[in-house]
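Number of protein chains: 2
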Amino acid sequence: MQSAKLSSEESVYQRLKNAIRKRYIKQGSQLVEVTLAQQLGVSRTPVRSAIKRLGAEGLVNSIPNRGSFIITPTLKEIEETFLIRAHLEKMAACLTAEKITHDQLIILQELINSETLVFDKNNLDDYFTVNDTLHLKIAEISGNTVLCSYINELLNKTRIYLILNDPFCKREYSPTTEHQTIIDALKKHSPKEAGRAVENHIKSSIEGLETAGTLPEDYLFT
Amino acid sequence: MQSAKLSSEESVYQRLKNAIRKRYIKQGSQLVEVTLAQQLGVSRTPVRSAIKRLGAEGLVNSIPNRGSFIITPTLKEIEETFLIRAHLEKMAACLTAEKITHDQLIILQELINSETLVFDKNNLDDYFTVNDTLHLKIAEISGNTVLCSYINELLNKTRIYLILNDPFCKREYSPTTEHQTIIDALKKHSPKEAGRAVENHIKSSIEGLETAGTLPEDYLFT
DNA sequence: GTTTGAATTATTGTATACAATACCTGTATA
DNA sequence: TATACAGGTATTGTATACAATAATTCAAAC
Numbered sequence: 639m640q641s642a643k644l645s646s647e648e649s650v651y652q653r654l655k656n657a658i659r660k661r662y663i664k665q666g667s668q669l670v671e672v673t674l675a676q677q678l679g680v681s682r683t684p685v686r687s688a689i690k691r692l693g694a695e696g697l698v699n700s701i702p703n704r705g706s707f708i709i710t711p712t713l714k715e716i717e718e719t720f721l722i723r724a725h726l727e728k729m730a731a732c733l734t735a736e737k738i739t740h741d742q743l744i745i746l747q748e749l750i751n752s753e754t755l756v757f758d759k760n761n762l763d764d765y766f767t768v769n770d771t772l773h774l775k776i777a778e779i780s781g782n783t784v785l786c787s788y789i790n791e792l793l794n795k796t797r798i799y800l801i802l803n804d805p806f807c808k809r810e811y812s813p814t815t816e817h818q819t820i821i822d823a824l825k826k827h828s829p830k831e832a833g834r835a836v837e838n839h840i841k842s843s844i845e846g847l848e849t850a851g852t853l854p855e856d857y858l859f860t
Numbered sequence: 639m640q641s642a643k644l645s646s647e648e649s650v651y652q653r654l655k656n657a658i659r660k661r662y663i664k665q666g667s668q669l670v671e672v673t674l675a676q677q678l679g680v681s682r683t684p685v686r687s688a689i690k691r692l693g694a695e696g697l698v699n700s701i702p703n704r705g706s707f708i709i710t711p712t713l714k715e716i717e718e719t720f721l722i723r724a725h726l727e728k729m730a731a732c733l734t735a736e737k738i739t740h741d742q743l744i745i746l747q748e749l750i751n752s753e754t755l756v757f758d759k760n761n762l763d764d765y766f767t768v769n770d771t772l773h774l775k776i777a778e779i780s781g782n783t784v785l786c787s788y789i790n791e792l793l794n795k796t797r798i799y800l801i802l803n804d805p806f807c808k809r810e811y812s813p814t815t816e817h818q819t820i821i822d823a824l825k826k827h828s829p830k831e832a833g834r835a836v837e838n839h840i841k842s843s844i845e846g847l848e849t850a851g852t853l854p855e856d857y858l859f860t
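As structure tokens, this is what we get:
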């Protein structure tokens, strides 16, 4: 799969993004064009545009004539972004509740079921992907394509914020019943309930954020 | 003002964006790197990255190995984008209504006053700018920086959508009382009223969109 | 007349050399 | 000791040549 030959830029872009997701690159790290070019076996040109692309997405902070650095999201930024995500996903859920079909509900249910199957606390990436796919699917059913692409952007951004903010994997995850609550509301075709369920779920997902991202004072000795 | 020397890329970017705003470039136009480079007296490199930047913003549609084209926004896209803008600006207005100060209200009032002064139906660009600045200021006061930057993006996008959709300046504009209604609600510190006022205002701004963008059948003869 | 396919053309994609910029470092000077 | 300045270094910014790609044209074959 995915056999279509990628351009160098596209491939550099994907590898960089993957490196962030897998925590190979930490917040604040500088991305030096020549260095990456050597490591990836290409010239500076595609590396440069891949970095710019990450900059446009808000994952990289570029300082003119100085360099590009992986962002260090602040608590405020993270909270604000989640709040926006909550609003837009609520909006989408309301629309979706009105029009969702039986078949679409089955697909969502299958995604929820696979969540627990895929869950592995030593390799959360797949779990995250299923998780985010569920949210995206709900948005897609709304029929508002633009809304859907904004939500997709926000899903990616919040996911990466949480990863950057938690470089040592201190934060714990586990499948919740909240997704099921959302589906049940959608099944009832109740925009209000579905909207509220989504909103609550997203807002609850930044609980305990303040503590993550920092290490115990004595982390070097334990 | 603005004396800081811009990079070539930045300057190309600004000129292209300005050309769209001023309707010098129409929807669907192809942006050819060498051509623009010659016209602007630079090499392909900065032109290329400026175009990519416009692509990331959704103003340009780039087809790999083929070319880049100014988008042709569909009616659906425009409506969906306005709907999202309405939601987010409503959200901002609610936050702003709670905390806006006397001094901030004065600034907003001055902006409204200047709207009628600046209005000139033969050169709407300044009017648009004041208009959008007012919306942005309300968002800024909310204190949610991320929300503010999303709203800024949406203000730009919807503005350009309307411009591209109305290449022959058929659509008519005139100052309304709706902005005053919003400020009055903010003055009362009523989130509900302010939110509704903003929402209504934005939704009403796509009235009559279906007719613009198309020419009368006999436009060649009149 | 339609189809095939090999030149041709238009345009983007990539590598690379060189220019410009901002920071750092160390030395001379007060 | 503090400061100003000159050189050096790390890195990005720009120009340009060449490679790769995809559409187009047009003639040959059926």
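Sequences listed follow chains A and B, in order.
Each residue of the first sequence is one higher than the one before, counting from 639 in the numbering used here.
Each residue of the second sequence is one higher than the one before, counting from 639 in the numbering used here.
Ideal Cβ positions, reconstructed from N, Cα and C, are used throughout, including at glycine.
Quick check: the segment 701-717 of chain A against the segment 799-808 of chain A, are at least 3 beta-carbon pairs closer than 8 Å? yes
Among B:Lys775, B:Lys825, B:Asn760, B:Gly833, nearest to B:Ser812 - alpha-carbon criterion: Check the Cα spacing between B:Ser812 and each of B:Lys775, B:Lys825, B:Asn760, B:Gly833: the tightest is with B:Asn760.
Taking 9 Å as the threshold (beta carbon to beta carbon), is B:Ile840 in contact with chain A? no
Return the first residue and the last residue of the alpha helix (DSSP H) that B:Phe766 is part of. 763-779
What residues from chain B crowd round A:Thr783, counting only those whose CB sits closer than 9 Å? Ordered by position in chain B, the residues that pass the 9 Å Cβ test against A:Thr783 are Lys714, Glu715, Glu718.
So with Cβ pairs under 9 Å, would you call B:Ser687 a contact of chain A? Cβ-Cβ to chain A under 9 Å: yes for B:Ser687.
Assuming A:Asn699 contacts A:Ile709 under a Cβ cut-off of 8 Å, what Cβ separation, rounded to an integer in Å, is found between them? Between A:Ile709 and A:Asn699 the Cβ distance is about 5 Å, and since that is below 8 Å, they are a contact.
Same chain, Cβ closer than 7 Å to A:Leu726, five either side skipped, listed in chain order: If the five residues before and after A:Leu726 are omitted, its C-beta is found closer than 7 Å to the C-beta atoms of Leu785, Tyr788, Ile789, Leu792, all from its own chain and listed in chain order.
Measure the C-alpha to C-alpha separation of B:Glu816 and B:His839 and round it to an integer number of angstroms. 6 Å
Quick check: the Cα distance between A:Gln665 and B:Lys660, rounded to an integer number of angstroms? Roughly 40 Å separates the two Cα atoms.
Within 10 angstroms of the Cβ of B:Arg704, are there 16 or more other Cβ atoms? Answer buried if so, exposed if not. exposed
Using C-beta distances below 7 Å, list every residue in its chain close to A:Leu644, excluding the 5 sequence neighbours before and after it, in chain order. Answer for A:Leu644: no residue qualifies.
Does the Cβ-Cβ distance between A:Leu861 and A:Gly781 come in under 9 Å? No information on residue 861 of chain A is available, as it lies outside the stretch 639 to 860 that chain A covers here.
At 9 Å on the CB atoms, spell out the chain A contacts of B:Arg653, in chain order. The premise fails here: B:Arg653 is roughly 18 Å from chain A at the closest Cβ pair, so nothing lies under 9 Å.
Length of the line joining the Cα atoms of B:Arg682 and A:Ile750: 49 Å
Chain-ordered chain A contacts of B:Pro702 [CB-CB under 7 Å]: Ser645
Consult DSSP for A:Gln652 and reduce its assignment to one of helix, strand or coil. helix
Under a three-way DSSP split, which group does B:Ile844 fall into? If DSSP states are grouped into helix, strand and coil, B:Ile844 belongs with coil.
First and last residue of the alpha helix (DSSP H) that includes A:Ile709? That residue, A:Ile709, is in no alpha helix (DSSP H); it is neither H nor E in DSSP.
Does the distance from the CB of B:Ala735 to the CB of B:Gly846 come in under 9 Å? no
At what residues does the beta strand (DSSP E) containing B:Ser700 begin and finish? Residues 698-701.
Opposite A:Leu669 in the DSSP bridges: which residues? A:Ser706
Counting only the same chain and skipping the five closest in sequence on each side, list residues whose C-beta sits under 7 Å from that of A:Leu672. Position check: residue 672 of chain A holds Val in this sequence, whereas Leu was assumed. The residues are Arg682.
Just confirm the distance between the C-beta atoms of B:Lys775 and B:Thr719, as a whole number of angstroms; I'd bet it's less than 8 Å. Not really, about 21 Å apart at Cβ, beyond 8 Å.
Beta-carbon neighbours of A:Arg691, restricted to chain B and to distances below 8 Å: Lys690, Ala694
Within the same chain, show all residues whose beta-carbon is closer than 6 Å to that of B:Ser667, passing over the 5 residues directly before and after it, in chain order. Counting only Cβ-Cβ distances below 6 Å, and skipping sequence neighbours, we find Ile708.
Around the Cβ of A:Ile745, are there at least 16 other Cβ atoms within 10 angstroms (buried) or fewer (exposed)? exposed
What three-state label does DSSP hand A:Val680 in the structure shown? coil
Near A:Ala777, what residues of its chain come up, given a Cβ to Cβ distance below 6 Å and the 5 sequence neighbours on each side ignored? Ala730, Cys786, Ile789
Is the shortest distance between the beta-carbon of B:Ile779 and the beta-carbons of chain A less than 9 Å? B:Ile779 does not count as touching chain A.
Assign A:Ile722 to one of two classes, buried (16 or more other C-beta atoms within 10 Å of its C-beta) or exposed (fewer than that). buried
How many whole angstroms separate the CB atoms of A:Ile821 and A:Gln747, which I take to be in contact at a CB cut-off of 8 Å? 6 Å
Between B:Gln676, B:Asp770, B:Ser842, B:Pro829, which lies nearest to B:Lys728 when the distance is taken from Cα to Cα? B:Pro829
So which residues of chain B does A:His725 contact, with C-beta pairs closer than 8 Å? His725, Leu726, Met729
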